[in-house]
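Per full-length UniProt numbering, residue 1 is the first one in the sequence shown, and the count goes up by one each step. Just so it is clear, CB atoms sit at the ideal spot from N, CA and C, and this is done for glycine as well. Shown next, in structure tokens, is the structure this report addresses.
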Amino acid sequence: MINSVGVVRKEAENCNCLQVFFVSGSFKVDSVEAKKKEENFRETLRDMANSKYEYVKSFELEDEVMLPNLMVVRIDGRDFSRFSQVHEFEKPNDETALNLMNSCSAAVLEEFPDIIFAYGYSDEYSFVFKKTSRFYQRRASKILSLVASFFAAVYVTKWKEFFPQRKLLYAPSFSSKVVSCASAEVLQAYLAWRQQDCHANNQYDTCFWMLVKSGKSVSETQEILKDTQKQQKNELLFQKFGINYKTLPELFRQGSCLFKKKVEETVKHDENGNPVKRLRRKAVFVHSENIAGRSFWNEQPSLYNDLGHFTKDIGKIEPDFIRSFQFENKLLPLTWVVVRIDGCHFHRFSDVHEFEKPNDEQALKLMNSCAVAVLEEFEDIHFAYGVSDEYSFVLKKESELYKRQSRPHQ
1 MINSVGVVRK EAENCNCLQV FFVSGSFKVD SVEAKKKEEN FRETLRDMAN SKYEYVKSFE
61 LEDEVMLPNL MVVRIDGRDF SRFSQVHEFE KPNDETALNL MNSCSAAVLE EFPDIIFAYG
121 YSDEYSFVFK KTSRFYQRRA SKILSLVASF FAAVYVTKWK EFFPQRKLLY APSFSSKVVS
181 CASAEVLQAY LAWRQQDCHA NNQYDTCFWM LVKSGKSVSE TQEILKDTQK QQKNELLFQK
241 FGINYKTLPE LFRQGSCLFK KKVEETVKHD ENGNPVKRLR RKAVFVHSEN IAGRSFWNEQ
301 PSLYNDLGHF TKDIGKIEPD FIRSFQFENK LLPLTWVVVR IDGCHFHRFS DVHEFEKPND
361 EQALKLMNSC AVAVLEEFED IHFAYGVSDE YSFVLKKESE LYKRQSRPHQ
């Protein structure tokens with residue numbers, strides 16, 4: 001059986017013979033003649049991959065994050081307003097949902113040793129790599145896709161652990177980008193920017209949802225909060241609802257950060273039953289009102305050794321820094337865009353899950369089902385081709401999906 005399949009939208013026309021072969025999907029080979037044709041086709045694909053078609057690799061983006069820049073991957077829930085509404089998250093903050101996000105981030109730190117610090121709130125998380133990292137040759141496209149896809153997979157896997165009585169109605173997805181920080185000073189500004197955003201968003205959302213729950217309409221609430229400053233929002237919460245903003249849980253106001261710290265763990269017991277302990281690097285959660293402050297950062301040897309010292313406290317964040325954090329590369333207009341995804345360590349994954357060798361038909365059907373779901377979710381993708389643990393998705397030529405940003409972020 002050929003372990004490859006193509007998926008194409010109904011409106012796509014004028015496929016050449018090779019595309020038609022792809023579209024036909026998986027099929028069984030019974031006759032000797034058909035088997036010979038299959039082998040000839042496989043040989044053709046191998047020749048194409050190793051000969052004149054090899055130049056296609058040159059079209060891949062050159063996106064290495066050059067040393068000594070620090071790498072940060074920020075992931076963000078895609079359309080999480082709808083996701084939280086469909087799954088009936090509590091407003092303005094659902095503590096269980098936030099704990100699920102934190103658990104997923106801890107899994108990311110365990111999976112990728114080069115990530116040593118993470119900060120997150122709401123539906124976003126930023127992951128900081130050690131300054132000497134050469135993870136995936138520091139290629140931004142590889143790194144951001146690995147972190148985002150692993151985070152999403154863990155989110156789905158852990159859902160029942162946190163919401164045992166609530167069904168996951170559809171799979172979440174996360175956009176991601178790589179932020180390049182030229183120095184520890186720039187990283188400090190980035191972290192301060194994200195925590196300030198956490199505070200501003202949470203304060204606004206707390207006011208918004210308290211007003212809505214008290215009977216105000218959405219439009220009335222927006223008008224009440226329009227142009228209000230920090231102190232005015234604090235007064236509104238206290239005077240109308242008796243809420244002292246500073247007493248709200250740190251998880252909501254400050255966000256969560258975790259980093260790898262040396263902790264003593266029992267690894268085994270000796271012949272007398274006494275515990276044998278070793279120092280291991282484990283991810284630990286902390287909350288701080290100023291994760292970018294010198295007093296917090298420089299008290300953690302694992303942070304300043306791997307990322308550098310913060311030499312001064314930060315006040316106002318440089319506007320140029322913020323512009324650099326928000327910068328997005330764009331792909332050329334009217335060019336074909338192909339997104340190729342590839343299973344990471346799928347040899348290990350297939351061994352652990354006991355896939356049949358050389359091909360597991362059910363696993364391939366699962367890949368194909370996922371590809372169909374991608375085409376249904378993203379209307380600009382008109383064609384897809386996959387083999388084994390890989391799939392390529394072709395966007396229509398005039399697509400403006402995410403404004404053609406190569407690393408979309410919301």
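Put Ile-75 into one of helix, strand or coil per three-state DSSP. Strand at Ile-75.
Nearer than 8 Å: is that true of the beta carbon of Asp-197 relative to any heavy atom of the ligand MG? You won't find the ligand MG in this model; it holds no ligand whatsoever.
Straight-line CA distance for Leu-251 to Tyr-121? Cα-Cα distance, rounded: 8 Å.
Assuming Ile-314 and Ala-189 form a contact by the criterion Cβ under 8 Å, report the distance between their Cβ atoms to the nearest whole angstrom. At roughly 6 Å, the Cβ-Cβ gap stays under 8 Å, so Ile-314 and Ala-189 are in contact.
Just the Cα atoms here: how many angstroms apart are Val-394 and Val-154? Computed Cα separation, rounded: 27 Å.
Quick check on DSSP: helix, strand or coil for Asp-123? The three-state secondary structure of Asp-123, taken from DSSP, is coil.
My parser needs the beta strand (DSSP E) runs of 3 or more residues fully inside the UniProt domain "tRNAHis guanylyltransferase catalytic" (53–181); what are they? Runs found: 70–77, 115–121, 124–129, 174–181.
Would you mind reading off the limits of the beta strand (DSSP E) that contains Phe-393? Boundaries of the beta strand (DSSP E) harbouring Phe-393: 390–395, taken from the DSSP string.
Collapsed DSSP secondary structure at Ala-292 in the structure displayed: Ala-292: coil per DSSP, three-state reduction.
Beta-carbon proximity of Val-179 to Arg-74, cut-off 9 Å: In contact: Val-179 and Arg-74 (Cβ atoms closer than 9 Å).
Sequence-distant residues of the same chain with beta carbon closer than 7 Å to Leu-109, five excluded per side: Cβ neighbours of Leu-109 beyond the five flanking positions: Ile-115, Ala-118, Leu-258, Lys-260, Ala-283.
Assign His-287 to one of three DSSP states: helix, strand, or coil. Three-state DSSP puts His-287 in coil, outside helix and strand.
Could you tell me which whole alpha helix (DSSP H) segments of length 4 or greater appear in the UniProt domain "Thg1 C-terminal" (186–272)? Inside the UniProt domain "Thg1 C-terminal" (186–272), DSSP marks whole alpha helix (DSSP H) runs of 4 or more residues at positions 218–225, 230–241, 250–253, from first to last along the chain.
Just tell me which of Glu-328, Thr-311, Gln-195 has its CA closest to the CA of Ser-175. Distance from the Cα of Ser-175 is smallest, within the candidate group Glu-328, Thr-311, Gln-195, for Glu-328.
Where His-353 sits in the DSSP three-state scheme: Reduced to three states, the DSSP call for His-353 is coil.
With burial defined as no fewer than 16 other Cβ atoms inside 10 Å of the residue's Cβ, what is the status of Trp-336: buried or exposed? Flag for Trp-336 reads exposed.
Between the Cα of His-382 and the Cα atoms of Leu-366, Thr-266, Ser-399, Asn-368, which residue gives the shortest distance? That would be Ser-399, whose Cα lies nearest to the Cα of His-382.
Does DSSP classify Asn-16 as helix, strand or coil? Model confidence at Asn-16 stands at a pLDDT of 36, short of 50, so the residue's coordinates are unreliable; what they give is reported in the following sentence. Asn-16 falls in the coil class under three-state DSSP.
At the level of alpha carbons, what is the spacing between Tyr-204 and Phe-83? Cα to Cα, the separation comes out at about 20 Å.
Given a threshold of 16 other Cβ atoms within 10 Å of its Cβ, counted over all protein chains shown, does Asp-123 qualify as buried or as exposed? When all chains shown are included, Asp-123 counts as buried.
Quick check: the stretch 53–66 against the stretch 136–146, are at least 3 beta-carbon pairs closer than 8 Å? The stretch 136–146 is in contact with the stretch 53–66.
Could you give the distance in angstroms between the alpha-carbon of His-353 and the alpha-carbon of Phe-346? In this structure, the alpha-carbon of His-353 lies about 10 Å from that of Phe-346.
How is Phe-383 classed by DSSP in three states: helix, strand or coil? The answer is strand: DSSP assigns Phe-383 an E or B state.
According to the neighbour-count rule (16 or more other Cβ atoms, all chains shown, within 10 Å of its Cβ), is Cys-370 buried or exposed? Exposed, by the Cβ-count rule.
Inter-residue spacing [alpha-carbon to alpha-carbon] between Pro-301 and Gly-308: Roughly 10 Å separates the two Cα atoms.
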